[in-house]
Amino acid sequence: MRAIPLNLLRSATRCARPQVVRLRPARCAVRWSSSDSEERQWSTPLAKTLAQAIETTGPVSVASYMRQCLTSDQGGYYTRQTSGHDQFGTKGDFITSPEISQVFGELVGIWLYTEWMAQGRKEKVQIIEVGPGRGTLMDDVLRTISSFKPFAQSVEAIYMIEASDDLRIQQAKRLCGTDAPEEFELGWRAPCKYIPNCTVNWCEDIRFVPKEETSTPFILAHEFFDALPIHVFQNVANSTIPAASKTITSDGPIQPKTGPQAPKNQWHELMVAPIHESQMSQTPNEDGSPPPEFHLTVSKSPTPHSLYLPQTSPRYKALANTTDAIIEISPESLSYISDFAVRIGGANPPSAQSQPPIPANASITPKSKPLTTFHKPNPSGAALILDYGPASTIPANTLRGIRSHRPCSPFVSTGLVDISADVDFVALADAALDASPGVEVHGPVEQAYFLSTLGIMERVERLLKAAGDEDVRERLETAVKRLVDRGPTGMGRIYKAMAVVPFVEGKKVRRPVGFGGGVFQ
Ligand code: SAH
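Residue numbering for the sequence shown follows the numbering used here, beginning at 1 and increasing consecutively.
In structure tokens form, the structure reads like this:
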């Protein structure tokens, strides 16, 4: 068992509800002159680059800002060189469930095994993980799986979708015992140390992972979706959006409706702009963190996203007249979950596939988009999503920064602070069901429920009996308590699990283990 230092267990989790930084957008962007960004001292080179880019293009969406902060090749939080000091653990910024106890990954491995058995022990299994961090979850999963020989033998390949070069190397050391996986056409690869004749492959995007009709993909996403960029919109009464302004997008021009039908409220996108130096606080915040260099502004004109995204779901449309409502939408998350669903259940046939909805307050002529034609006559596989976010409501005001286990503004020390946002589980479920006729979605359920029904307590009992050392026993108990604790500082209630599994017309719904089903049904 991995020994867990006690101070690590006390450190802040990545998500803790009271730590959310509430964002108060300025109503209009502060004027910005081109000399500002050149002479000014910025916290990081990435902050300077971003400020200079905004000078030229104007304020950027929260999604662009998040993408740059997290994965820019010029010093993004995950993509910068960390010289071995990564983002996780006591010396890093946050800790996640797989890092807290090996039991977490073991139970996820058992969950995969129960799904594999329930689906008739398929032969060509792919195991895919998106955003694998240090590789700890996959390590515990593969070690567990390797003791179920027939399942292990069915695994053809493992795919890790990772944006960070440094983390990829850590994962390769852990899963393959090498820090130099070889390059190949999809990315990098090395033989897996747990499963004979099986390679671990690294790709930068899930779209590179081969999709085959006869493959059974088991996909894991632990704290991945919270790192994907969000767009943020605010519902503004007496909107200043000029009725005649037209926005040119890659899908064609979008023009707000005019006349009596024009909506009284409009969704305005919240954008990120640098705070003018003269308006920056000169004193650090109470907690010692530096003052923010960027802030949110409400866009005065429509953006392609503000006219389109809030019209894509009845959940957003229901808020059309709720002045000041804020909604967060992550299109990248929706394309990832759609990809998962298609791999498991095949794509909707082109005729049935929903066209992009026409915005209610816009005239839009979408160009025809290539529709995916991946068919899967026998749906198989599963996706397990573990993350934090509300069970049913639309996330609002959830953008947060975290550094050295303490919450901070997402607008300080660009690229050195982890930025994340709550996951909209309902939006993920809707997108999966829209993308594929061959899937059904279970959950979200609370992590405490998921782990308990998978037998976390029984597993811990066994480990406690085997542990001779009182110190080890105490650490194990503290760690497990934290994973299932439903209080405000625990991870049992805030974190949720959701599963995408095959749907077969005419077959009785089978609930997966952890979502109301048992091992034998
Ligand atoms: N699953 C791990 C790590 C979570 S942190 C755990 O729970 O411990 C987020 C992970 O996603 C990191 O590995 C980060 O490098 C990766 N990541 C973030 N954005 C990504 C993107 N756009 N594409 C691929 N990987 C990404």
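Note that beta-carbon positions come from the ideal geometry of N, C-alpha and C, so glycine has one too.
Legend entry - CB contact flag (residue 231, residue 108, <9 Å): Not a contact, by the Cβ cut-off of 9 Å.
Inset, instruction - Kindly indicate the opening and closing residues of the beta strand (DSSP E) around residue 427. - result: No beta strand (DSSP E) holds residue 427; the alpha helix (DSSP H) holding it covers 425-435.
Legend entry - Limits of the unbroken beta strand (DSSP E) element including residue 408: From DSSP, the beta strand (DSSP E) with residue 408 extends over 406-408.
Inset, instruction - Per DSSP, which residues does residue 203 bridge with? Please list them. - result: 161
Legend entry - For residue 270 and residue 137, believed in contact at Cβ under 8 Å, the rounded distance: Not confirmed; about 33 Å, so no contact.
Inset, instruction - Determine, using beta carbons only, whether residue 128 and residue 77 come nearer to each other than 9 Å. - result: no
Legend entry - Residue closest to residue 205, alpha-carbon to alpha-carbon, out of 349, 348, 161, 323: Ranking 349, 348, 161, 323 by CA distance to the CA of residue 205 puts 161 first.
Inset, instruction - Spatial neighbours of residue 316 within its chain, please: CB distance less than 6 Å, with the 5 preceding and 5 following residues excluded, ordered by chain position. - result: 310, 327
Legend entry - Exposure of residue 369, with buried meaning 16 or more beta-carbon neighbours within 10 Å: The predicted model places residue 369 with a pLDDT of 36, which falls under 50 and marks its position as unreliable, so this point remains unresolved.
Inset, instruction - Let me know if residue 509 comes out buried or exposed under the rule of 16 or more other beta-carbons within 10 Å of its beta-carbon. - result: exposed
Inset, instruction - Report the rounded CA-to-CA distance for residue 447 versus residue 104, giving the unit in angstroms. - result: 10 Å
Inset, instruction - Grab me the residues of residue 199's own chain with a C-beta within less than 8 Å of its C-beta, minus the 5 sequence neighbours each way, in chain order. - result: 157, 158, 189, 190, 191, 192
Legend entry - Beta-ladder partner(s) of residue 235, from DSSP: 267
Legend entry - For residue 494, three-class secondary structure by DSSP: Note: residue 494 maps to coil in three-state DSSP.
Legend entry - Rounded C-alpha distance that separates residue 68 from residue 233: Spanning the two alpha carbons is a distance of roughly 19 Å.
Inset, instruction - Give a yes or no on whether the minimum CB-CB distance between residue 232 and chain C is below 9 Å. - result: In summary, chain C is missing from the structure at hand, where a single protein chain is found.
Inset, instruction - Confirm the yes/no value for this check: CB of residue 73, any heavy atom of the ligand SAH, distance under 8 Å. - result: no
Inset, instruction - Measuring alpha carbon to alpha carbon, tell me which of 445, 165, 463 ends up nearest residue 134. - result: In terms of CA proximity to residue 134, 165 leads the group 445, 165, 463.
Legend entry - Where the alpha helix (DSSP H) through residue 46 begins and ends: 45-57
Legend entry - residue 401 versus residue 43: straight-line alpha-carbon distance, rounded: 15 Å
Legend entry - Helix, strand or coil at residue 304 [DSSP, three-state]: helix
Inset, instruction - Starting from the N-terminal side, write out each stretch of the alpha helix (DSSP H) that is 4 residues or longer and does not extend beyond the segment 464-517. - result: 470-484
Legend entry - Beta bridge counterpart(s) of residue 169 as assigned by DSSP: Its beta-bridge partners do not exist; DSSP assigns none.
Legend entry - Per DSSP, the bridge partner or partners of residue 216: 125
Inset, instruction - Kindly indicate the opening and closing residues of the alpha helix (DSSP H) around residue 412. - result: That residue, residue 412, is in no alpha helix (DSSP H); it is neither H nor E in DSSP.
Inset, instruction - May I ask you to check if the CB of residue 388 is nearer than 8 Å to at least one heavy atom of the ligand SAH? - result: Every heavy atom of the ligand SAH is 8 Å or more from the Cβ of residue 388, so no.
Legend entry - C-alpha gap between residue 417 and residue 81, whole angstroms: Straight across, the Cα-Cα distance linking residue 417 with residue 81 is about 14 Å.
Legend entry - Local Cβ density within 10 Å of residue 398, reported as buried at 16 or more and exposed below that: buried
Legend entry - Separation of residue 408 from residue 13, as counted between CA atoms: Caution applies to residue 13, whose pLDDT of 49 falls short of 50 and renders its modelled position unreliable; the model cannot decide the point.
Legend entry - Residue span of the beta strand (DSSP E) that contains residue 297, given as start and end: 294-298
Legend entry - 3 or more residues per run - each beta strand (DSSP E) lying fully within the segment 60-135: 125-130
Inset, instruction - Let me know if residue 88 comes out buried or exposed under the rule of 16 or more other beta-carbons within 10 Å of its beta-carbon. - result: buried
Inset, instruction - Closer than 7 Å by C-beta to residue 319: which residues in its own chain qualify, once you throw out the five before and the five after it? Chain order, please. - result: 235, 325, 327
Legend entry - Where residue 537 falls: helix, strand or coil (DSSP): With the chain running from 1 to 521 in the structure shown, residue 537 is simply not present.
Inset, instruction - Might you give, ordered along the chain, the residues of its own chain that have their beta carbon closer than 6 Å to the beta carbon of residue 119, omitting 5 neighbours on each side? - result: 380
Legend entry - Which of helix, strand or coil DSSP assigns to residue 386: strand
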